[in-house]
Amino acid sequence: MRCPSCGEAAVDPGEGCPECGETVERPAADGTGTSLGLDRNVAAALAYSLTFASGLLFYVLEDDAFVRFHAAQSVLVFGAAFGLALVLEVWQAALVLSGAAGGTGPRLLTGVSTVLGLVTVGLWTLLMVQAYRGERFAVPLFGRAAAASV
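Under this note's numbering, the first residue of the sequence shown is numbered 9, with each subsequent residue one higher.
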């Protein structure tokens with residue numbers, strides 16, 4: 009969260025800003041932040057909860073620009089990850105079916121798929137936490153497109 013007085017990043021709500029000393033208020037949790045009746049940060053975090061499926065749902069149903077940004081980013085990031093994983097799996101299956109199952113190709117693709125999965129889970133966690141904290145965290149390559157679609 010940012011300090012409203014000086015703009016310092018990484019200020020915890022309810023505590024004083026390390027730069028200017030201003031106390032940063034916690035966002036109101038009155039349930040009126042979005043058109044769906046959710047707090048903005050909760051709706052933005054939920055847009056990542058089921059990867060691109062929940063992102064698409066929140067993008068279509070929500071009017072709030074902050075939530076729509078996170079929903080669009082969810083669709084783009086996790087749609088791309090899903091597409092890449094699908095391509096890797098099809099490529100690996102083609103290698104196995106062609107008789108190259110004992111070679112290094114399928115093993116290499118298994119390793120790449122594993123790394124992709126771990127990166128995806130890490131990114132999923134990071135994006136949910138950042139959205140819940142009220143940050144408009146933009147993933148390189150995808151954040152600009154998400155911002156343009158809002």
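Heads up, the beta-carbon is just placed ideally off N, CA and C, and yes, glycines get one too.
Between the region 81-99 and the region 125-133 there are three or more inter-stretch CB-CB distances shorter than 8 Å, so the stretches are counted as touching. Ranking R76, T122, N49 and A156 by CA distance to the CA of R141 puts N49 first.
The alpha-carbon of A55 is positioned some 26 Å away from that of E16.
Scanning the region 99-146 from its first residue to its last, the whole alpha helix (DSSP H) runs of 4-plus residues come out as 112-140. Taking L58 as reference, the option from V83, A154 and A139 with the minimal CA-CA separation is V83.
The three-state secondary structure of G24, taken from DSSP, is strand. Taking 8 Å as the cut-off, the beta carbon of R144 is found no closer than this to the beta carbon of F66. In this structure, the straight-line span from the alpha carbon of L94 to that of S157 is close to 25 Å.
In the DSSP annotation of this structure, the continuous segment of the alpha helix (DSSP H) that includes L54 starts and ends at R48 to S57.
In this structure, D72 places its C-beta atom within 8 Å of the C-beta atom of A51.
Leaving aside the five residues that flank R76 on each side, the residues in its chain whose CB is nearer than 7 Å to its CB run, in chain order, Y67, E70 and V158.
In the structure shown, the three-state DSSP call for E16 is coil. Per DSSP, the unbroken alpha helix (DSSP H) holding G151 starts and ends at G151 to S157.
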